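A.B. asks:
Listed below in structure tokens is the structure:
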């Protein structure tokens, strides 16, 4: 039932070439008193991976994607390394190195933390109404790869990709690369309804603002498996 992700060759194919670095830029003479104004400039690479836990091994796309949700939706001290270590304890390490982590491995690890994991099959209409970030397994260039599905804005799907960072993918292209139509949701009592994973990565349009007014409601969370006990 649960398929494993094959991220190795994908990592080699899609790693960005040439890292751009950010720094402090001084603008002399800008202020009336002649003082130097120093402003930190965010590099394109830093912006691309803002609020995304990056993948550093060829089998850890699932671990990095899960760490992104744990860190930015639950504010846990999670990173790729700690999640890999924890998931290795509930999986077969030999299979993991060969095929990557499976959704079953992720579910077992989440449950070992006192949280819950639930999978849903959704159609396009349901996808557009999704209000909780989740893990999805995409087929990218023939390789299966876990990403965080953040939200749908109009005709694009926002994802947090452990290899490529924040991406906005046309809905039609996303659906083609997502044959399972399955979303895995992490459920716990400390979910942040205002998580940055549900905030637009760019200047929002009036349409996107209208579509997402205010924090997630209790009814919407219950709809995705949260219990009333999780909400207090």
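Numbering (the numbering used here), first residue to last: 42 to 273.
By construction, the Cβ of each residue, glycine as well, lies at the ideal position given by its N, Cα and C atoms.
Treat the numbers as computed from the prediction; the structure is a model and nothing was measured.
1. Check this for me: beta carbons of residue 164 and residue 93, under 8 Å apart or not?
2. Determine the contact status of residue 193 and residue 106, defining contact as a CB-CB distance below 8 Å.
3. Hey, how far is the Cα of residue 102 from the Cα of residue 137?
4. Just list the residues that DSSP pairs residue 186 with in beta bridges.
5. Excluding five sequence neighbours on each side, which residues of the same chain lie with their C-beta closer than 6 Å to the C-beta of residue 238?
6. Count the other CB atoms, across all protein chains shown, that sit within 10 Å of the CB of residue 268; report buried if there are 16 or more and exposed otherwise.
7. Do you know how far the Cα of residue 99 is from the Cα of residue 139?
8. If you follow the alpha helix (DSSP H) that residue 119 is part of, which residue opens it and which one closes it?
9. Please report the straight-line C-alpha distance between residue 250 and residue 135, rounded to a whole angstrom.
10. Which ranges does the alpha helix (DSSP H) cover as unbroken runs of at least 4 residues, wholly within the stretch 187 to 218, from first to last along the chain?
11. Give me the DSSP bridge partner(s) of residue 161.
12. Any idea if residue 121 is buried or exposed, counting beta-carbon neighbours within 10 angstroms, 16 or more meaning buried?
13. How many Å lie between residue 130 and residue 118 at the Cα?
14. If you follow the alpha helix (DSSP H) that residue 153 is in, where does it begin and where does it stop?
15. On the CB-based measure, 16 or more other CB atoms within 10 Å of its CB, does residue 196 come out buried or exposed?
C.D. replies: The structure says:
1. Indexing the chain shown from 1 puts residue 164 at position 123. Indexing the chain shown from 1 puts residue 93 at position 52. No, Cβ-Cβ distance for residue 164 and residue 93 is not below 8 Å.
2. One-based indexing of the chain shown puts residue 193 at position 152. One-based indexing of the chain shown puts residue 106 at position 65. The answer is no: Cβ separation not under 8 Å.
3. Residue numbering aside, residue 102 sits at position 61 when the chain shown is read from its first letter. Residue numbering aside, residue 137 sits at position 96 when the chain shown is read from its first letter. Answer to the nearest angstrom: the Cα atoms are 11 Å apart.
4. Position 145 of the chain shown, counted from the first residue, corresponds to residue 186. Note: residue 186 sits in a beta bridge opposite 179.
5. Taking the chain shown and counting its residues from 1, the one referred to as residue 238 is at position 197. Excluding positions up to five away in sequence, the list reads 113, 114, 174, 191.
6. Position 227 of the chain shown holds residue 268. By the neighbour-count rule (16 or more Cβ atoms within 10 Å), residue 268 is not buried but exposed.
7. As a working mapping, residue 139 is identified with position 98 in the chain shown. As a working mapping, residue 99 is identified with position 58 in the chain shown. The alpha-carbon atoms of residue 139 and residue 99 are separated by roughly 10 Å.
8. Along the chain shown, one-based indexing puts residue 119 at 78. Careful: residue 119 lies outside any alpha helix (DSSP H) and carries neither H nor E.
9. Taking the chain shown and counting its residues from 1, one reaches residue 250 at position 209. Taking the chain shown and counting its residues from 1, one reaches residue 135 at position 94. Reliability fails at residue 250, whose pLDDT of 42 lies under 50, so the model's placement of it is uncertain and no value is given.
10. 212 to 217
11. Against the chain shown, residue 161 aligns to sequence position 120. Note: residue 161 sits in a beta bridge opposite 224.
12. Locating residue 121 in the chain shown gives position 80, where the first residue counts as 1. That one is buried.
13. Indexing the chain shown from 1 puts residue 130 at position 89. Indexing the chain shown from 1 puts residue 118 at position 77. So the two alpha carbons sit approximately 18 Å from each other.
14. Here residue 153 refers to the residue found at position 112 when the chain shown is read from its first residue. Run containing residue 153: 144 to 153, per the alpha helix (DSSP H) assignment.
15. Position 155 of the chain shown, counted from the start, is the residue given in the question as residue 196. Exposed.
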